[in-house]
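S.K.: Mind having a look at this structure? Questions to follow.
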Amino acid sequence: MNMDGRVVLINEDINLAAIDLGLGQALVVRFPLEVMFDVGDLLQQLTTGYQEVRCVNVSKAQEITLQTLSGAMPMSVAILVVGCGQMHRLEDVA
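Written out as structure tokens, the structure reads:
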């Protein structure tokens with residue numbers, strides 16, 4: 001199932017990001033060093049489960065490859081998983 005989500009938290013130290021799926025749900029994804037995205041970017045064609053997924057960064061008009069690390073989880077859990085070390089949050093951008 002393809003989903004849309006918005007990047008809400010990036011931890012560049014461990015290459016993890018939390019993606020807001022709405023309704024309090026989120027994905028945790030691992031991104032390669034060469035992938036460039038920012039907090040607030042809209043991603044489309046996301047899927048859940050432990051797998052590599054090609055998705056579209058609508059905000060930057062590019063296709064990127066990410067590794068989803070789980071199914072959808074509560075946003076608070078995703079923030080805990082991603083949230084150690086250096087972080088950039090949506091609240092910091094707004």
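Oh and the sequence shown: position 93 is 93 in my numbering, straight run, nothing missing. Quick reminder that beta carbons are idealized off the backbone N, C-alpha and C, glycines included. Owing to the predicted nature of the structure, the values given are computational and were not obtained by experimental measurement.
In whole angstroms, what is the alpha-carbon distance linking K60 and F37?
M.R.: 8 Å
S.K.: Mind checking whether R54 and T65 have CB atoms under 7 Å apart?
M.R.: yes
S.K.: Taking 8 Å as the limit between beta carbons, can you name the residues of its chain near Q25, skipping five residues before and five after?
M.R.: Correct list, in chain order: A72, M73, P74 and M75.
S.K.: Please name the residue, chosen from S70, I14, L9 and Y50, that lies closest to I79 on a Cα-to-Cα basis.
M.R.: When each option's Cα is compared against that of I79, the closest is L9.
S.K.: What residue does the alpha helix (DSSP H) around L9 start on, and which one ends it?
M.R.: Per DSSP, L9 belongs to no alpha helix (DSSP H); it is in the beta strand (DSSP E), M3 to N11.
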